[in-house]
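Everything on this sheet refers to the single structure shown next.
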Amino acid sequence: MIEEVRHAHEAALEQVATALTLADLRAVDSEVLAKSGTLGSLKSRLGSLAIEHRKTVGQAINQAIEAVESAADERRRELSAAALQGRIAAERLDLTEITARPRRGHEHLAIQAWERLEDVFVGLGFQIAEGPELETDFYNFEALNMPRSHPARSGFDTLFTDYNEDGTVLLRTHTSPVQIRVMQTVEPPIYMIMPGRVFRRDTPDATHMPVFHQLEGLVIDRSITMAHLAGTIDAFTKAFFGGDFTSRLRPNYFPFTEPSAEFDIQRPDGTWIELGGCGMVHPNVLSAAGLDPEEWSGFAFGFGIDRMARERHGVDDIRDMYSNDVRFIKQF
Ligand code: DAH
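Next up, the structure:
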């Protein structure tokens, strides 16, 4: 019978070792250890043994049972640990997208240029002012020496609102109306720039957008001459584009300045870019804003910010700057 015990013991250990699930281990309980099991049933046969053998065989059975039980416990722990690992692996969330460094955005090209321009002009001693995007006919045209019938008005492709019947409330077509607002509220001397968003009834193309940005400049002081204007334009050109750029003024016409000029900048390769308009503030404009033209004189200038950004970064089509295509945006 000792032989049978040994046999059942070895078979049971093998069964435990090869158990793959907790259910397999429960089968060991019923098939081996239970009263009817391969080891359990041996106990009931002890009675039939000779007295002198009962003790040794009984001990052998008990030892075998204990050994199988502890092997089963051990195996149960292994299987539970593996089951837990499996569950952890299965339930694991992939957080790599979150923990990976997010791609950082940046300011729009036009806003980058806007802020750089502000820095340059603040460095030249200018202050910054802003005005409303919704303007009245008075500020956008009338006070800028463009009365009702003035032909220059038609050049602005104005977007009127139906805020009141006579069409006197409009989306400003340029930042020049802010000049008037500044002159009405700030005591001269005035050294001010006025950046802002402007609007025109225009179909977008490679060089135009119906919504764009301008930067207006205004200097009002005593004895201001055209030389101050030319010097200021040149100083800002060099500060913004680099010391190897130069500028020039070309005679032009604007209702709000007299004399008026167009200003161009020259790239290091000798080619010219037309940038904006400027001139000596017209006496009618000073008067409309409540300043005495006999006492004060000054110059003004205005140019497109988007255009500056385009020039700085060599963007061929201005519409690319507003298409929100990341492949374009992330280059800057
Ligand atoms: N307001 C003009 C425009 O939008 C630009 C301009 C020209 C502004 C001459 C000025 C100036 O201040 O003096 O076309």
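The numbering of the sequence shown is our numbering, which starts it at 874 and goes up by one. Backbone N, C-alpha and C fix where the C-beta goes; we use that ideal spot for every residue, glycine too.
Counting of Cβ neighbours within 10 angstroms places Asn1037 among the exposed residues, the total staying below 16.
In this structure, the C-beta of Glu1008 stays at least 7 Å away from each heavy atom of ligand 1. DSSP places Glu988 inside the alpha helix (DSSP H), whose first and last residues are 982 to 996. For Ala907, the three-state secondary structure derived from DSSP is coil.
With the rule of 3 Cβ pairs closer than 8 Å, the region 1074 to 1088 does not count as touching the region 1154 to 1165.
Between Thr1144 and the set Arg1123, Glu1015, Phe1118, Ala1134, the nearest pair of CA atoms involves Phe1118.
CA-CA distance, Pro1124 to Leu1017, rounds to 19 Å. Your pair Ile934 and Leu922 does not check out as a contact, with CB atoms roughly 11 Å apart and the cut at 8 Å. For Gly1187, the distance from the CB to the nearest heavy atom of ligand 1 is not below 7 Å. Here Ile1001 has Glu991, Phe994, Val995, Met1065, Ile1066, Met1067, Pro1068 as same chain residues with Cβ atoms under 8 Å from its own Cβ, once five neighbours each way along the sequence are excluded. In this structure, Glu1089 has its beta carbon less than 7 Å from a heavy atom of ligand 1.
Ser1160 has its CB no nearer than 7 Å to any heavy atom of ligand 1. For Glu1089, the number of other beta carbons within 10 angstroms of its own is at least 16, and it is reported as buried.
If you draw a straight line from the Cα of Pro1128 to the Cα of Arg977, it comes to about 45 Å.
If one requires a minimum length of 4 residues, the alpha helix (DSSP H) runs lying completely within the region 1076 to 1137 are 1099 to 1114, in chain order. Following the DSSP letters along the chain, one finds Met1153 inside the beta strand (DSSP E) bounded by residues 1145 to 1154.
Under the DSSP assignment, Ile924 falls in the alpha helix (DSSP H) whose first and last residues are 924 to 964.
Taking a C-beta distance under 8 Å as the contact criterion, Gly1152 and Phe1172 qualify as a contact pair. In the DSSP annotation of this structure, the continuous segment of the beta strand (DSSP E) that includes Thr1009 starts and ends at 1007 to 1009. Spatial neighbours of Lys1111 in its own chain (CB-CB distance under 7 Å, excluding positions within 5 residues in sequence) are listed in chain order as Phe1118.
Arg918 counts as exposed, since fewer than 16 other beta carbons sit within 10 angstroms of its beta carbon. According to the DSSP secondary-structure assignment, Ser1170 is paired through a beta bridge with Asp1094.
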